[in-house]
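Numbering (full-length UniProt numbering), first residue to last: 1 to 589. By construction, the Cβ of each residue, glycine as well, lies at the ideal position given by its N, Cα and C atoms. Heads up, the thing below is written out as structure tokens.
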């Protein structure tokens with residue numbers, strides 16, 4: 001294998017790609033459904049099965065849960081880099097997806113895996129492996145719904161790649177001219193939010209993506225949600241004209257039907273026919289409980305759409321859009337879900353009581369020794385064999401609106417809780433600064449909207465507090481997934497008011513696990529916090545009023561209304577144009 005800085009000609013790449021296509025010309029679409037379990041050493045290994053017409057035969061090497069990164073077929077330099085970063089063994093999604101991406105370029109991929117399961121490395125490592133064989137730019141574009149997640153992936157690419165791997169961060173809130181110049185230099189990776197990248201593609205000097213080899217949609221359910229980023233994603237598909245480009249979709253949840261996802265992955269909705277012939281390979285990686293492992297599951301292959309379903313699932317159910325949630329991977333096994341039922345008008349008093357009771361030093365700032373002098377393991381937790389969770393080191397408080405985020409953050413400031421706020425009304429520099437303080441443990445609490453619910457990987461977060469439950473139940477899975485990551489333990493507590501009971505039931509159905517009543521925080525402790533919280537709330541509202549926060553919120557809402565109207569107008573124009581084109585085609589025929 002050539003090194004990343006070795007030279008390679010276009011002819012060599014064309015010969016390699018043609019040979020690969022010839023080798024795989026007789027392969028059919030396959031659909032794997034992998035059950036990856038927390039197994040003891042004597043448990044059955046993870047087996048990949050391939051559906052070929054009416055015969056299901058083994059097509060991949062059997063990989064046990066104890067397989068190493070070298071067993072996946074990665075380049076030795078990448079294996080060494082993983083070891084240097086402390087990655088001891090690949091996770092279930094990495095064991096499943098990486099070998100497939102290394103040896104198969106004829107399929108698009110949809111991978112569903114629980115939060116904190118290592119999905120980022122599952123696509124970054126094989127892309128770098130292919131890049132080392134034939135380096136050029138722009139090799140891969142990675143789209144994410146939030147700026148914070150984009151920056152995190154950008155940093156992970158630089159950590160996993162060598163010094164010769166280049167990556168450009170293209171997100172809102174930063175200078176678009178500088179980003180355009182960075183893309184003109186043709187970096188190997190472009191990590192972007194859809195809006196800013198689409199803006200550059202519509203500009204006078206769009207980046208050249210005709211040789212794009214990989215298009216990755218991280219948190220794909222959010223990117224493909226109706227009324228979301230679909231138009232921006234379609235703009236990118238129009239420019240990605242390489243017939244060998246693979247579309248990779250990763251998420252912890254997915255609510256779109258398989259047919260719609262296939263259309264988007266193939267570029268049909270963007271008017272792009274470059275890779276319509278690529279079938280969609282679907283992976284669902286689950287980590288089942290011990291009770292579930294005792295129930296033997298039988299896999300059945302459907303010949304019509306080459307899809308493998310579980311015993312007990314009818315084919316009609318599998319095709320039904322309403323049953324897509326059944327394929328949602330469960331929440332991490334180490335996560336404990338609890339709720340506190342309380343009157344809505346004293347919500348903040350219960351919130352402060354939970355912080356005081358469950359966090360180290362009650363959430364108050366206190367200097368910690370430098371990381372190199374700390375003992376190994378997670379401070380504030382018991383040994384991994386213990387099911388209980390002691391004092392939390394870091395916590396994330398999720399709220400529903402930017403106004404609530406700013407208010408709760410100011411209230412916590414007034415009562416002496418070390419915290420920062422993260423929401424969309426902050427400038428990009430302030431958002432990055434707030435996230436940096438939280439990651440470095442300069443503050444103990446992050447008060448955030450759902451902008452922080454996806455993808456952020458901060459292993460020392462032990463506690464998630466839902467001040468208000470999200471109306472979009474999928475967001476609940478992503479919120480609580482900020483803790484108990486990569487096999488660790490964590491606690492998620494939701495404050496439930498009189499009108500939130502239905503949201504609790506919806507969260508239980510989607511997560512597949514009931515919420516338990518929280519015994520750690522009592523009504524008496526919340527009542528003691530009522531006086532300080534009431535005073536702090538009054539002072540916080542005065543401070544926000546003094547800095548003109550209400551005016552900022554109003555302008556933000558007006559801009560959202562304008563954007564919504566503009567989007568609706570564009571959608572109507574596109575529908576009229578599409579209808580006119582169809583009419584013209586029917587007339588000509």
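Under 9 Å between C-beta atoms of residue i and residue j
i: residue 534; j: residue 335; result: no
i: residue 521; j: residue 354; result: yes
i: residue 214; j: residue 223; result: no
i: residue 444; j: residue 356; result: no
i: residue 281; j: residue 110; result: yes
i: residue 186; j: residue 127; result: no
i: residue 106; j: residue 332; result: no
i: residue 458; j: residue 115; result: no
i: residue 118; j: residue 152; result: no
i: residue 201; j: residue 236; result: yes
i: residue 619; j: residue 208; result: Look at the range of the chain in this structure, 1 to 589, and you will see that residue 619 is not part of it.
Selection from the options that minimises the alpha carbon distance to residue i
i: residue 84; options: 150, 160, 582; result: 160
i: residue 245; options: 211, 227, 235; result: 211
i: residue 112; options: 460, 201, 101, 96; result: 96
i: residue 489; options: 251, 507, 464; result: 464
i: residue 285; options: 158, 474, 472, 65; result: 65
i: residue 203; options: 341, 189, 219, 181; result: 181
i: residue 232; options: 68, 99, 559, 570; result: 570
i: residue 145; options: 133, 500, 194; result: 194
i: residue 108; options: 78, 283, 82; result: 283
i: residue 99; options: 506, 70, 196, 537; result: 70
i: residue 162; options: 174, 143, 574, 188; result: 188
Cβ neighbours of residue i in the same chain (closer than 8 Å, five flanking residues each side left out)
i: residue 434; result: 420, 421, 422, 426, 446
i: residue 103; result: 73
i: residue 587; result: none
i: residue 362; result: 355, 356, 417
i: residue 398; result: 448, 449, 450, 452, 453, 464, 465, 466, 467, 468, 470, 479
i: residue 199; result: 176
i: residue 552; result: 425
i: residue 149; result: 218, 219, 454, 455, 456
i: residue 343; result: 497, 498
Other residues of its chain near residue i: CB distance less than 6 Å, five sequence neighbours each side excluded
i: residue 123; result: 216, 248
i: residue 412; result: 419
i: residue 494; result: 339, 466, 469
i: residue 154; result: 167, 169, 191
i: residue 503; result: 469
i: residue 179; result: 170
i: residue 460; result: 393, 394
i: residue 79; result: 69, 70
Endpoints, alpha helix (DSSP H) assigned at residue i
i: residue 338; result: Per DSSP, residue 338 belongs to no alpha helix (DSSP H); it is in the beta strand (DSSP E), 335–341.
i: residue 234; result: 230–239
i: residue 440; result: Premise fails: residue 440 is in no alpha helix (DSSP H) and is neither H nor E.
i: residue 390; result: That residue, residue 390, is in no alpha helix (DSSP H); it is neither H nor E in DSSP.
i: residue 76; result: 76–84
i: residue 134; result: Residue 134 -> no alpha helix (DSSP H), and no H or E assigned at all.
Neighbour flag for residue i against chain C, beta carbons, 9 Å
i: residue 418; result: Within the model displayed, chain C is absent; a lone protein chain is all it includes.
For residue j and residue i, believed in contact at Cβ under 8 Å, the rounded distance
i: residue 169; j: residue 191; result: 6 Å
i: residue 347; j: residue 497; result: 7 Å
i: residue 462; j: residue 392; result: 4 Å
i: residue 337; j: residue 511; result: 7 Å
i: residue 221; j: residue 253; result: 5 Å
i: residue 672; j: residue 349; result: One cannot answer for residue 672 here, as it falls past the ends of the chain, which runs 1 to 589.
i: residue 410; j: residue 540; result: 3 Å
i: residue 129; j: residue 75; result: 5 Å
Any non-hydrogen atom of the ligand FAD within 8 Å of residue i CB
i: residue 175; result: The ligand FAD is absent from the structure shown, which contains no ligand whatsoever.
N- and C-terminal bounds of the beta strand (DSSP E) containing residue i
i: residue 490; result: 490–496
i: residue 190; result: 189–192
i: residue 600; result: Nothing can be reported for residue 600: it is not among the residues displayed for the chain, which extend from 1 to 589.
i: residue 214; result: 214–218
i: residue 419; result: 419–422
Cutoff 7 Å; reference residue i; Cβ partners in own chain excluding five residues on either side
i: residue 579; result: none
i: residue 68; result: 89
i: residue 582; result: none
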